[in-house]
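In the numbering used here, the protein residues as written are 2 to 228.
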């Protein structure tokens, strides 16, 4: 299992140069998020997150996301199942501000081979969009995501670097279901204390549809675990 995760991770993380699709404009953005979580008993935990994304356009706004989730963890928290809801307020391709509702189901697994930690997260999601703010072939829109991540533990240090690759594809596209986006991310997690963390990262979103603008962004996320 862990050998396969290693092989897939290496292949995906070196695919960025090969996956480039010729000349295309690149947008620049920023992401800021705060997440609060709390364990409920031995197996369950709840979380809430607020995220703001900015992008290089006249109004500067890309989206705001408010999400809530419930996780169930087993096998020393190596395997997790999660149910989530997110309210999304974004600036769509028709240059209108649009509310969206998204629900999703996560499965994640991690394995540690010191000093590396390898993890996989699969997600199936459905997004309901506002037909008064845009024209959509399918509504709700269903999709699937798979993320592979590698973390490196620096002994005696509060810093933990990481890299990841996230693949997204449609599940109910009338024109056919295929990969729609590659997301490459690298950064470092800074452990402030026993319960609080700061994460700094760079992210590159590459879309397979040539009409979509690829986006390079920087971000920071604060994670707080309540006792």
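Think of the CB as a built atom: it goes at the ideal place given N, C-alpha and C, for glycine as much as any other residue.
Asked, Found
"In angstroms, rounded to a whole number, what distance separates the CA positions of residue 9 and residue 115?", "With a pLDDT of only 49 at residue 9, under 50, the local geometry of the prediction cannot be trusted, and no value is derived from it."
"If you reduce the DSSP assignment to three classes, tell me which class residue 103 lands in.", "strand"
"Among all the DSSP beta bridges, which residues are the ones paired with residue 72?", "46 and 83"
"Measuring straight from C-alpha to C-alpha, what distance separates residue 25 and residue 70?", "36 Å"
"The beta strand (DSSP E) that contains residue 142, what's its start and end?", "142-153"
"In its own chain, which residues sit with a C-beta less than 8 Å from the C-beta of residue 154, not counting the 5 before and 5 after it?", "115, 116, 117, 118 and 161"
"Out of curiosity, what's the CA-to-CA distance linking residue 151 and residue 82?", "20 Å"
"Residues in its own chain within less than 6 Å of residue 205 by CB, not counting five upstream and five downstream?", "185 and 217"
"For residue 181, which option in 173, 209 and 199 has the closest C-alpha, if you only look at C-alpha atoms?", "209"
"The ligand FAD heavy atoms versus the CB of residue 112: any closer than 7 Å?", "Ligands are entirely absent from the displayed structure, and the ligand FAD is therefore not among its contents."
"Given this structure, state the Cα-to-Cα distance separating residue 227 from residue 37, to the nearest angstrom.", "7 Å"
"Look at residue 106 and residue 124 and say whether their C-beta atoms are less than 8 Å apart.", "yes"
"Find out if the Cβ-Cβ distance for the pair residue 91, residue 101 is shorter than 8 Å.", "yes"
"Quick check on residue 39 - is its C-beta less than 8 Å from some C-beta in chain B?", "Absent here is chain B; the protein component of the structure consists of one chain."
"From residue 175 to residue 201, what does the alpha carbon distance come to, in whole angstroms?", "38 Å"
"Under the three-state reduction of DSSP, which class applies to residue 128: helix, strand or coil?", "strand"
"Let me confirm a value: residue 96 is counted as buried when at least 16 other C-beta atoms fall within 10 Å, else exposed. Which label applies?", "exposed"
"Sorted by chain position, which residues of the same chain lie with C-beta nearer than 6 Å to residue 35's C-beta, five sequence neighbours on each side aside?", "51 and 223"
"Can you list, in chain order, the residues of its chain whose CB lies under 6 Å from that of residue 189, leaving out five sequence neighbours each side?", "160, 162 and 201"
"Are the CB atoms of residue 170 and residue 145 nearer to each other than 8 Å?", "yes"
"Taking the straight line between their C-alpha atoms, what separation do you get for residue 198 and residue 168?", "26 Å"
"Taking just the CA atoms, how far does residue 135 sit from residue 65?", "18 Å"
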